[in-house]
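A short worksheet on the structure shown next.
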Amino acid sequence: MRRVFLGGTCNESTWRDEMMDYLYAWGVEYFNPVVDDWNDEAYKNELREREICDYCLYTITPKMTGVYSIAEVVDDSNKRPEKTVFVVLEEAGEVFTDGQMRSLKAVATMVEKNGGKSFNDLKSASKFIIAD
């Protein structure tokens, strides 16, 4: 059975709920790395899941405050391009600044040049994952 790592924006972002609904409807398993108590064990589990999942999906929304997910998607697009999926998503009326959007488009281009896939919506990304 196919399994998807759900990396990307946290901060009470709702994109994971939507993506989990899409994947569940198609019988695709997923790993949600968001936990109440982020500790060394949770970090190690996340690293293991990134390795074993069939796809590593990274969704970035304007609720992003840190940049680690950007580093992860670029790292995975270099090491595991065939299983790296990047989504840039505006959420709940929030938008990126023009400068942020230019940077995110450059990251998307980098991911694609490395062999990964990028999308602007969750439905398209889920269809790509499901179609495999």
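FYI, in the numbering used here the residues of the sequence shown are 5 to 136. Beta carbons: idealized from backbone N, C-alpha and C, even for Gly. This one's a predicted model, so the numbers in the text were calculated from it and none came from an experiment.
Between the beta-carbon of S122 and the beta-carbon of A112, is there less than 8 angstroms? Taking 8 angstroms as the Cβ cut-off, S122 and A112 qualify as a contacting pair.
Just how far apart, CA to CA, sit D4 and V115? The shown model of the chain, from 5 to 136, leaves out residue 4, and the question about it has no answer.
Leaving aside the five residues before and after N15 along the sequence, list all residues of the same chain whose C-beta is less than 8 angstroms from its C-beta, in chain order. Leaving aside the five residues that flank N15 on each side, the residues in its chain whose CB is nearer than 8 angstroms to its CB run, in chain order, K67, M68, T69.
Output the distance between the C-alpha atoms of V8 and N36, rounded to the nearest integer angstrom. 9 angstroms
Starting from F35, follow its DSSP beta bridges and name the residues at the other end. F9
Please report how far the alpha carbon of F132 lies from the alpha carbon of W42, in whole angstroms. 30 angstroms
So if DSSP puts L61 in a beta bridge, which residue, or which two residues, is it bridged to? L10, V89
Just mark V91 as buried or exposed, buried being the case when its beta carbon has 16 or more other beta carbons within 10 Å. Buried is the call here.
Please decide whether L10 counts as near chain C, where near means a Cβ-Cβ distance under 8 angstroms. Within the model displayed, chain C is absent; a lone protein chain is all it includes.
Helix or strand or just coil, what does DSSP make of E94? If DSSP states are grouped into helix, strand and coil, E94 belongs with coil.
On the premise that Y28 lies in contact with L126, defined as a C-beta separation below 8 angstroms, what is that separation, rounded to the nearest angstrom? About 13 angstroms; that fails the 8 angstroms criterion.
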